[in-house]
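Reading through the structure tokens given below for one structure.
Protein chains: 2
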Amino acid sequence: MQIAVVGATGAVGKEMCSILEQRQVSAEHLRLLASARSAGRRVPYLDTELIIEELTTDSLSGVDFAIFSAGSDISRAFAKSPSAGTVIIDNSSAFRMDPDVPLVIPEVNPADALKHKGLIANPNCSTIIMALAVFPLHRVNPVRRIVVSTYQSASGAGAAAMQELRDQTRQVLDGQPVAPKVLPRQSAFNVFSHNSAIDDTGYNEEERKMVHETHKMFHDDTIGITATCVRVPVMRAHSESINLTFERPFSEQQVREVLESAPGLRLVDDRTENFFPMPIDAAGQDPVLVGRIRQDRSDPSGCGIALFVCGDQLRKGAALNAVQILDLLTQ
Amino acid sequence: MQIAVVGATGAVGKEMCSILEQRQVSAEHLRLLASARSAGRRVPYLDTELIIEELTTDSLSGVDFAIFSAGSDISRAFAKSPSAGTVIIDNSSAFRMDPDVPLVIPEVNPADALKHKGLIANPNCSTIIMALAVFPLHRVNPVRRIVVSTYQSASGAGAAAMQELRDQTRQVLDGQPVAPKVLPRQSAFNVFSHNSAIDDTGYNEEERKMVHETHKMFHDDTIGITATCVRVPVMRAHSESINLTFERPFSEQQVREVLESAPGLRLVDDRTENFFPMPIDAAGQDPVLVGRIRQDRSDPSGCGIALFVCGDQLRKGAALNAVQILDLLTQ
Chain H
1399 MQIAVVGATG AVGKEMCSIL EQRQVSAEHL RLLASARSAG RRVPYLDTEL
1449 IIEELTTDSL SGVDFAIFSA GSDISRAFAK SPSAGTVIID NSSAFRMDPD
1499 VPLVIPEVNP ADALKHKGLI ANPNCSTIIM ALAVFPLHRV NPVRRIVVST
1549 YQSASGAGAA AMQELRDQTR QVLDGQPVAP KVLPRQSAFN VFSHNSAIDD
1599 TGYNEEERKM VHETHKMFHD DTIGITATCV RVPVMRAHSE SINLTFERPF
1649 SEQQVREVLE SAPGLRLVDD RTENFFPMPI DAAGQDPVLV GRIRQDRSDP
1699 SGCGIALFVC GDQLRKGAAL NAVQILDLLT Q
Chain C
1399 MQIAVVGATG AVGKEMCSIL EQRQVSAEHL RLLASARSAG RRVPYLDTEL
1449 IIEELTTDSL SGVDFAIFSA GSDISRAFAK SPSAGTVIID NSSAFRMDPD
1499 VPLVIPEVNP ADALKHKGLI ANPNCSTIIM ALAVFPLHRV NPVRRIVVST
1549 YQSASGAGAA AMQELRDQTR QVLDGQPVAP KVLPRQSAFN VFSHNSAIDD
1599 TGYNEEERKM VHETHKMFHD DTIGITATCV RVPVMRAHSE SINLTFERPF
1649 SEQQVREVLE SAPGLRLVDD RTENFFPMPI DAAGQDPVLV GRIRQDRSDP
1699 SGCGIALFVC GDQLRKGAAL NAVQILDLLT Q
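Protein chains in written order, with this note's numbering: chain H, 1399 to 1729; chain C, 1399 to 1729.
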């Protein structure tokens, strides 16, 4: 079996290599592709080295599975008409809402993956992290409304944004002026609205992804979802404050039991120690941390539940989910 | 007229002095009080200096107005039975929910201030910042439900927490271990649940303050309010993502018009430039910044509105509001 990682030098691509390495996927089965700029670069892998190759129209020949994480333009150019026999798992947003392309979180809608026609889309990071906590509850008691506010890390804008956060932070501490380049606003010691395009509704693209991608994967367009997506000065895990309204009353205890046994989650919910999910604890981890579980006391119907989640944007929010889709297809 | 600032060396106390200085309140009318530890310290004020005096049971004799910002214990000990003739404006949470003590935001419920019996409470910072944006809308169209998630700065935990954020940030950048002391969790490059006491409902004290204080000032206990209070690595302005449901449909345009002319607010809502309220822009400013105004598309009734606000926690969130209460009483 030949696996190609396209965009291997990016923040998500590197994380994919690290996950494949942890799974002891042999170097012989792996090809790392990137732009001409990175071609020839050597990357340590297991007990050997891999050489980055330039992505060309011939690159995917003989490749069984290609995981793309090189942006929507590259995906549109190379993934739309894959070579015969190559299945593409695409981390960009290019095909996510295409009705012919399954959008998959293995813990949520694994069956959809098997309906692919050569292309499977990996959801947006904020959507994955939210869905992982909401879906197991939704299966027990349909969710009718989601109000979510995010606390998103620099990693969502790639390795350059993470470096910018480091550099800017030093500049601010040293009393020097900062000049944002990668992200449009000052990242250091600041909070700002997600920098994706805003449409006539006033919602930005990241917020719309959280709505439409959730509808698609839950197979339910009637769930009322509203999101506010915000960047915070954190390196690589996203946090989300989630307020849920269910069809029927849902006790805090029931919710805790469901989340405790749900796949891909780890409960971090210690009221005595005031210890809850934090991005520094989620960073580098596979599970999404969930806590601050409480009955929404403002909703007298008993149908309201509040949660707080943190998930590594580069792992479950991107690379890990893509590799898990690969697992689904190869099991 | 004699004014005393109690807790003059704290982050809020310093801000009070700075506001009184801006208003050219003469040094002769001002007394700065603090603990024995700070007594004798000289503080530059206008073209002179003020000497910090130790707060004792006699300190308030001859003082017309005392603004307390030295924590609940000091307020309980000194403000409960003030000297005859001294009116106390208390920034602690000690008396906020006391039915005999008015809780006041001058832009919201100024008339309540005039009903005082020698003691007026200054609300919680997160509550003030939220109420300033919600109240003008509520007057036009009653708000029925508020779902709010906060992004709170280090200043809310005082000057020591701000210094800790600076120190820890350098440690993380230098690859050194961090040992949180002032705040219980790592502040640098992290997000964590507000460190106030959690009760049986699962809500922490900061979240309960936002509910109960808003009910008291709006004179309406029936508004459903649920809050999730979170600390972010920002120095001194709080941000809040606010989802509102009103009694009747409320158009985005109407909301914008109301907020544009509401006192104490500044509209920052540029979709083309993706420019919205940010804590670095709110820091040191009097107005609360409001933006991301949009119809909540998940609520088909048209009664839903989403907002994002940023306000300086030390100014409008604390010191400025207290001085504005003083203005109300002396006008």
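In this text, a Cβ means the ideal position worked out from N, Cα and C, and glycines have one as well.
Item                                                                                                                 : Value
DSSP three-state assignment for C:E1451, whether helix, strand or coil                                               : strand
H:T1643, buried or exposed, once every other Cβ within 10 Å from all chains shown has been counted against 16        : buried
Proximal residues of chain C, C-beta to C-beta of H:Q1704 below 7 Å                                                  : A quick correction: the sequence has Ala, not Gln, at residue 1704 of chain H. What H:A1704 touches in chain C: T1624, T1626.
Extent of the continuous alpha helix (DSSP H) to which C:A1509 belongs                                               : 1508–1511
Where C:P1631 meets chain H, residues with beta-carbon distance less than 7 Å                                        : F1587, P1631
Residues bridged to H:R1429 [DSSP beta-bridge criterion]                                                             : H:A1402
Contacting positions in the stretch 1543–1570 of chain C - beta carbon closer than 7 Å to chain H                    : R1543, V1545, S1547, Y1549, R1564, T1567, R1568
Three or more C-beta pairs below 8 Å linking the stretch 1495–1502 of chain H and the stretch 1671–1689 of chain H   : no
Limits of the unbroken alpha helix (DSSP H) element including H:E1645                                                : Per DSSP, H:E1645 belongs to no alpha helix (DSSP H) and is neither H nor E.
Residue range of the beta strand (DSSP E) that includes H:T1599                                                      : Premise fails: H:T1599 is in no beta strand (DSSP E) and is neither H nor E.
Within 7 Å of chain C by C-beta, residues of the stretch 1658–1684 of chain H in sequence order                      : R1669, N1672, F1674, M1676, P1677, I1678
C:P1442 - partner residues in DSSP beta bridges                                                                      : C:E1447
Span separating the alpha-carbon of C:A1406 from that of H:A1555                                                     : 43 Å
Residues that DSSP places opposite C:A1464 in a beta bridge                                                          : C:A1402, C:I1486
Members of the stretch 1589–1615 of chain H near chain C, C-beta cut-off 7 Å                                         : V1589, F1590, S1591, N1593, I1596, T1599, G1600, Y1601
Nonlocal neighbours in the same chain, by C-beta distance under 6 Å from C:N1641, ignoring five residues either side : V1545, A1704
Neighbour-count burial assignment, H:A1509, 16 or more Cβ in a 10 Å radius                                           : exposed
Alpha carbon of C:A1720 to alpha carbon of H:H1636, nearest angstrom                                                 : 36 Å
Contacting positions in the stretch 1488–1500 of chain H - beta carbon closer than 9 Å to chain C                    : none
Assigned exposure category for C:R1634 - 16 Cβ within 10 Å defines buried                                            : buried
Backbone CA spacing between C:F1706 and C:A1477 [nearest angstrom]                                                   : 35 Å
Expected contact under 8 Å - CB spacing of H:N1489 and H:A1716 to nearest Å                                          : 6 Å
The ligand GDP heavy atom lying under 8 Å from the CB of H:R1429                                                     : No copy of the ligand GDP appears in this structure; indeed no ligand is present at all.
Beta carbon of C:A1511 nearer than 9 Å to that of C:V1502                                                            : yes
Sub-9 Å separation of C:S1547 and C:E1638 beta-carbons                                                               : yes
Proximity of H:V1538 and H:Q1652 at Cβ, strictly below 9 Å                                                           : yes
Proximal residues to C:V1576 (C-beta, below 7 Å), its chain only, five neighbours per side dropped                   : Q1566, Q1569, V1570, Q1584, A1586
Beta-bridge partners of H:F1590, as assigned by DSSP                                                                 : H:R1629
Element boundaries [beta strand (DSSP E), containing H:G1689]                                                        : 1686–1693
Contact with chain H by C:Q1584, beta-carbon distance below 9 Å                                                      : yes
Beta-carbon neighbours of H:E1650, restricted to chain C and to distances below 8 Å                                  : G1600
Counted within 10 angstroms of its Cβ, other Cβ atoms place H:Q1729 as buried (16 or more) or exposed                : exposed
Residues sharing a beta bridge with H:S1585, DSSP                                                                    : Partner(s): none; H:S1585 has no beta bridge.
Reduced DSSP category for H:V1546 - H, G, I as helix; E, B as strand; rest coil                                      : strand
Selection from H:R1629, H:A1434, H:L1517, H:L1727 that minimises the alpha carbon distance to C:M1676                : H:R1629
Whole-angstrom C-beta distance between H:M1560 and H:A1409, which should lie under 8 Å                               : 7 Å
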